[in-house]
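Step one of this worksheet: look at the structure below.
Residue numbers (the UniProt record's numbering): 1 to 211.
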């Protein structure tokens, strides 16, 4: 099991380091870490570069989350990983790929915030949890007009999925992921308290006025 744990963590982390924002920079010449809200994620890509680049970054970051889960699932079947350990390994690679997205070594360990990647992980773990998480993310973000509230619903869904699974390791892993999300969004939480957090509606109004 030790080899599996190390292999899954390294694999997930390296996949997570493959950033959609890097691809967007290749095409646009814009470093998302230096403009907008200075975040290497799909939301900042949409704010700075528009919907097409936002969609490109989202697809890549969602895709790598799903790919990491599916790849470990296939490897587990091919190499005979005991079924009782499979769920824990899937959750572990899920956290590892999000960790790689958030803390890529070539960005001085300061990447994105993992939202799109968590969506991909959720769908690959169980499409039903993925669908619930995505719907809650959109509804809560729109109803509260604050994106971060919707983001946290994704992590609540991830934790609910872990509780639904067999064993305590998925729950521990999900709690670690949730704690990491809170830490990565600490500036957003501060701005919410100060009532200076950008509103979802403001982004759409800005895009509408610029067209």
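Quick reminder that beta carbons are idealized off the backbone N, C-alpha and C, glycines included.
- Per DSSP, residue 96 is one residue of the alpha helix (DSSP H) stretching across 83–102.
- DSSP places residue 196 in the coil class of the three-state scheme, outside both helix and strand.
- In the three-state reduction of the DSSP assignment, residue 145 falls in the coil class.
- Two segments are said to touch when three or more pairs of C-beta atoms, one from each, lie closer than 8 Å; by this definition the region 86–97 touches the region 169–180.
- With respect to the 9 Å criterion, residue 65 and residue 23 are not classified as neighbours on the basis of their beta carbons.
- The DSSP-derived three-state label of residue 181 is helix.
- Taking the Cβ atoms as the reference, residue 21 lies roughly 4 Å from residue 40, within the contact range of under 8 Å.
- Less than 9 Å divides the Cβ of residue 30 from the Cβ of residue 48.
- In this structure, the alpha-carbon of residue 69 lies about 31 Å from that of residue 145.
- In the DSSP annotation of this structure, the continuous segment of the alpha helix (DSSP H) that includes residue 24 starts and ends at 20–28.
- Of the residues assessed, residue 147 falls on the buried side of the cut-off, its CB having 16 or more other CB atoms within 10 angstroms.
- When secondary structure is reduced to three states using DSSP, residue 44 falls in the helix class.
- The continuous stretches of alpha helix (DSSP H) do not include residue 109, and DSSP gives it neither H nor E.
- Comparing alpha-carbon positions, the option among 152, 187, 192 lying closest to residue 177 turns out to be 152.
- In this structure residue 38 is exposed. Its beta-carbon is surrounded by fewer than 16 other beta-carbon atoms within 10 angstroms.
- When secondary structure is reduced to three states using DSSP, residue 153 falls in the helix class.
- Nearest to residue 130 by C-alpha distance, out of 33, 104, 115, is 115.
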